[in-house]
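**Student:**
Numbering (UniProt numbering), first residue to last: 1 to 691.
1) Quick one, which of 418, 446, 416 has its alpha-carbon nearest residue 428's?
2) Is residue 459 closer than 8 Å to residue 466 when the C-beta atoms are compared?
3) For residue 254, which of 225, 270, 449 has the nearest alpha-carbon?
4) Just mark residue 550 as buried or exposed, buried being the case when its beta carbon has 16 or more other beta carbons within 10 Å.
5) Which term fits residue 149, buried or exposed, when burial requires 16 or more other beta carbons within 10 angstroms of its beta carbon?
6) Tell me the DSSP secondary structure of residue 256 in three-state form.
7) Applying the criterion that 16 or more other CB atoms from any shown protein chain within 10 Å of the CB defines a buried residue, is residue 294 buried or exposed?
8) Can residue 506 and residue 543 be called in contact, C-beta distance under 8 Å?
9) Given this structure, state the Cα-to-Cα distance separating residue 430 from residue 176, to the nearest angstrom.
10) Alpha carbons only, please: which of 413, 357, 407, 33 is nearest the one belonging to residue 395?
11) Count the other CB atoms, across all protein chains shown, that sit within 10 Å of the CB of residue 454; report buried if there are 16 or more and exposed otherwise.
12) Determine the closest residue to residue 291 out of 410, 252, 234, with distance taken between C-alpha atoms.
13) What did DSSP end up calling residue 376 once you bin it into helix, strand or coil?
14) Would you decide whether residue 335 is buried or exposed? Buried here means 16 or more other CB atoms lie within 10 Å of its CB.
15) Take the Cβ of residue 198 as the centre, count every other Cβ of all protein chains shown within 10 Å, and call the residue buried at 16 or more, exposed below.
16) Count the other C-beta atoms from every protein chain shown that fall within 10 angstroms of the C-beta of residue 509, then say buried if there are 16 or more, exposed otherwise.
17) Measuring straight from C-alpha to C-alpha, what distance separates residue 339 and residue 383?
18) Under a three-way DSSP split, which group does residue 490 fall into?
19) Using a threshold of 8 Å, state whether the C-beta atoms of residue 51 and residue 39 are closer than that.
20) Determine whether the beta carbon atoms of residue 192 and residue 141 lie at a separation below 8 Å.
21) Please classify residue 157 as buried or exposed, where buried requires at least 16 neighbouring CB atoms within 10 angstroms.
22) May I have the straight-line CA-CA distance separating residue 763 from residue 534, to the nearest angstrom?
23) CB residue 248 to CB residue 206, shorter than 8 Å?
24) If you draw a straight line from the alpha carbon of residue 448 to that of residue 462, how long is it in whole angstroms?
25) Which residue from 127, 284, 250, 341 puts its Cα closest to that of residue 311?
26) Any idea what DSSP makes of residue 721, helix, strand or coil?
27) In the DSSP assignment, find the alpha helix (DSSP H) that holds residue 447 and state where it starts and stops.
28) Could you tell me the alpha carbon to alpha carbon distance between residue 409 and residue 371, rounded to whole angstroms?
29) Please return the same chain residues whose Cβ sits closer than 6 Å to the Cβ of residue 274, not counting the five positions on each side in sequence.
30) Alpha carbon to alpha carbon, what distance is there between residue 35 and residue 71?
31) Since residue 92 is in the alpha helix (DSSP H), which residue starts that stretch and which ends it?
32) Quick check on residue 392: does DSSP put it in helix, strand or coil?
33) According to the neighbour-count rule (16 or more other Cβ atoms, all chains shown, within 10 Å of its Cβ), is residue 580 buried or exposed?
34) Compute the Euclidean distance between the alpha carbons of residue 420 and residue 188, then round it to the nearest angstrom.
35) Residues in its own chain within less than 8 Å of residue 385 by CB, not counting five upstream and five downstream?
36) Over the uninterrupted alpha helix (DSSP H) stretch that includes residue 285, give me the two end residues.
Below, the structure written as structure tokens:
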């Protein structure tokens, strides 16, 4: 690597290479992340002959650096000369695949798997397969665990003789003395089975699967369960009963709850893999046992699969199996002592209604839904509420409302605010299904009550809820039903409720349209500008800015602007700030009355404001900035295109020399030039010379 120092053009690369040896971990890490830059500068030959040997010999670094190196090398094929030379990457990756840190080994294996696809069949046997053998027979368990992830990527592309050797190595690792190696082998068993010929699956893989599923370590046995899914999909139906099912039955009754949990977690996949007949004869009893398991974690995992398991049952016997075998277990789980079990069941139980149909849902499932809606666990109730639409599709909204609406109303007043929030979020969907008449009769009062809830999150959600309801039912419904009640809150003794009025107006103005906003809402907002509470007054300013786009220009200039100007002189700093912010908004165009006269400079017309109006303009925008180009020309920057005039090129203001004092008092200039900034040209016009 010393040769890089003799070439001035490679000096930056020499610096990066030196950083690879630096004591500072961060510098080494930064250099590793720029390894591709170093390789590009060195060229493919020097990368192969100098950089890679250097990296291979110095792999003793911090885990973070090694992890970055393992990732980089996986993308190095073209930097070493393409697929023809990709085997040059194997030595450093082989070293990384043997380190102690798991994440580094895993990343090295991932990169090895990636570059294995770049090897030709010949190179695979000459270079890659020997690496796998070395790892598989390594003294340290770390190398043997890494080897487990490499068998499947090279097996399909090697000769029959080498395939036999690979199968033998895998068999050896499956019976390794170290549990960590057996775990790694078990985790790759299904993947390896997929690339084997069917005869070898039956003769080799099944025996390995049986052995691993009977391992003394439960961490190995549970990984064998995961492999069972892949193995079962590979075998003909007639072989499943004899080759797979005895081991699977054993796993479903394993003494370790972790193994039973894995069976429950993979149950739907197992069900699809083994087919309908074995499902009816073997999996249904096994699933019942898992739903009744003594460990809550296992019951919760099984409960989570109830809907999916029932959907995948054979159609000709589905209803009978559910009603006879599954539903009794489900009824027990509804009153389970563990809240995680009940919550898991609540997240899927509503889906059974589409499987069982209307009559069975009304007779058997509705009582369970009602019990869960009244459960003491908030998450159970929330899961039921979130899936009500499944039931509505089956039994209809009337039946749903008669049976579950009382419980929903009760939840709407629940002591826990998150439960109330869940009901609010569901309300627009429920309202759309109920229809406007039913909603007004049963739920309108409830929605209005949420607006005065003591929790802000509820009041905020209730405001959004009203907006969605107006979008659903229309502006006329809002004018007759919602708006009068909202505006009535403007006189509430509690200032928080008065503020909620403003929040509702902000949300409803666009949905209600210009007419309702101008005639009904605007007068209330303007009246509230005299509120004794400063928080209400500055929210008035914010509301006027918010509803500005809905109002016509006449209302803006004659009604809104005077109120904002009054608020801009308020004693409270926040009120003043938000009022000035609103005045400077794009909906309040520069009125003609601020113009004292206009002048022509270079063929352009510039408007000249009076000193007083210039002061108002400058004060109205705290974040304006000035940049001086010379003694007579200055630029004033206003973000967000605030001042608009008839001039198309930019907004232009002029002032005479008595305003220079104001200009000098402005803060130091900031960088300008973004497209969102409108530049306001101030021409400082000296007094005319007397003639």
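Where is the CB? At the ideal position from N, CA and C, for every residue including glycine.
**Tutor:** The answer reads as follows:
1) Taking the chain shown and counting its residues from 1, the one referred to as residue 428 is at position 428. Ranking the options by Cα distance to residue 428, first place goes to 446.
2) Here residue 466 is taken as the residue at index 466 of the chain shown, counted from 1. Here residue 459 is taken as the residue at index 459 of the chain shown, counted from 1. No, Cβ-Cβ distance for residue 466 and residue 459 is not below 8 Å.
3) Within the chain shown, numbered from 1, the residue matching residue 254 stands at position 254. Nearest C-alpha to residue 254: 225.
4) Position 550 of the chain shown holds residue 550. It counts as buried.
5) Residue 149 sits at position 149 when you count from the first residue of the chain shown. Residue 149 comes out buried.
6) Taking the first residue of the chain shown as position 1, residue 256 is located at position 256. Note: residue 256 maps to coil in three-state DSSP.
7) Along the chain shown, read from residue 1 onward, the residue named residue 294 stands at position 294. Under this definition residue 294 is an exposed residue.
8) Translated into positions along the chain shown, residue 506 becomes position 506. Translated into positions along the chain shown, residue 543 becomes position 543. In contact: residue 506 and residue 543 (Cβ atoms closer than 8 Å).
9) Here the question's residue 430 lines up with position 430 in the chain shown. Here the question's residue 176 lines up with position 176 in the chain shown. One C-alpha to the other measures close to 59 Å.
10) Counted from its first residue, the chain shown places residue 395 at position 395. That would be 357, whose Cα lies nearest to the Cα of residue 395.
11) The sequence position of residue 454 within the chain shown is 454, counting from 1. Counting Cβ neighbours within 10 Å, residue 454 comes out exposed, since fewer than 16 surround it.
12) As a working note, residue 291 is residue 291 in the chain shown. Residue 252 is the option with its Cα nearest to residue 291.
13) As a position in the chain shown, residue 376 is number 376, starting the count at 1. DSSP places residue 376 in coil when its eight states are reduced to three.
14) Translated into positions along the chain shown, residue 335 becomes position 335. Burial call: exposed.
15) Within the chain shown, numbered from 1, the residue matching residue 198 stands at position 198. By the 10 Å Cβ count, residue 198 comes out exposed.
16) Here residue 509 refers to the residue found at position 509 when the chain shown is read from its first residue. Buried, by the Cβ-count rule.
17) For the purposes of this step, residue 339 is taken as the residue at position 339 of the chain shown. For the purposes of this step, residue 383 is taken as the residue at position 383 of the chain shown. Rounded to the nearest angstrom, the two C-alpha atoms are 12 Å apart.
18) Start at 1 with the first residue of the chain shown, and residue 490 comes out as number 490. Helix.
19) As a first step, residue 51 is located in the chain shown; it is residue number 51 there, counting from the start. As a first step, residue 39 is located in the chain shown; it is residue number 39 there, counting from the start. In this structure, residue 39 lies closer than 8 Å to residue 51 by Cβ.
20) Within the chain shown, numbered from 1, the residue matching residue 192 stands at position 192. Within the chain shown, numbered from 1, the residue matching residue 141 stands at position 141. No, the Cβ-Cβ distance between residue 192 and residue 141 is not below 8 Å.
21) Numbered from its first residue, the chain shown carries residue 157 at position 157. Buried: at least 16 other Cβ atoms inside 10 Å.
22) It is not possible to answer for residue 763, since the shown part of the chain is limited to 1 through 691.
23) As a working note, residue 248 is residue 248 in the chain shown. As a working note, residue 206 is residue 206 in the chain shown. No, these two residues do not count as a Cβ contact at 8 Å.
24) For the purposes of this step, residue 448 is identified with residue 448 of the chain shown, where counting begins at 1. For the purposes of this step, residue 462 is identified with residue 462 of the chain shown, where counting begins at 1. Between residue 448 and residue 462, the C-alpha separation is close to 8 Å.
25) Your numbering for residue 311 matches position 311 in the chain shown. Cα-wise, what sits closest to residue 311 is 284.
26) The shown model of the chain, from 1 to 691, leaves out residue 721, and the question about it has no answer.
27) As a first step, residue 447 must be located in the chain shown, where it is residue number 447. Looking at the DSSP string, the run of the alpha helix (DSSP H) that includes residue 447 is 444-450.
28) Taking the chain shown and counting its residues from 1, one reaches residue 409 at position 409. Taking the chain shown and counting its residues from 1, one reaches residue 371 at position 371. Distance between the alpha carbons of residue 409 and residue 371: 15 Å.
29) For this step, residue 274 is matched to residue 274 along the chain shown. 232, 240.
30) Against the chain shown, residue 71 aligns to sequence position 71. Against the chain shown, residue 35 aligns to sequence position 35. Their Cα atoms are separated by approximately 11 Å.
31) As a first step, residue 92 must be located in the chain shown, where it is residue number 92. From DSSP, the alpha helix (DSSP H) with residue 92 extends over 90-96.
32) In the chain shown, residue 392 corresponds to position 392, counting from 1. Residue 392 falls in the helix class under three-state DSSP.
33) For the purposes of this step, residue 580 is identified with residue 580 of the chain shown, where counting begins at 1. Under this definition residue 580 is a buried residue.
34) Along the chain shown, read from residue 1 onward, the residue named residue 420 stands at position 420. Along the chain shown, read from residue 1 onward, the residue named residue 188 stands at position 188. Those two C-alpha atoms are separated by around 47 Å.
35) Numbered from 1 along the chain shown, position 385 holds the residue referred to as residue 385. Closer than 8 Å at Cβ, skipping near neighbours: 373, 408, 411, 422, 423, 426.
36) Residue 285 sits at position 285 when you count from the first residue of the chain shown. Taken as a continuous stretch (DSSP letters only), the alpha helix (DSSP H) holding residue 285 covers 284-291.
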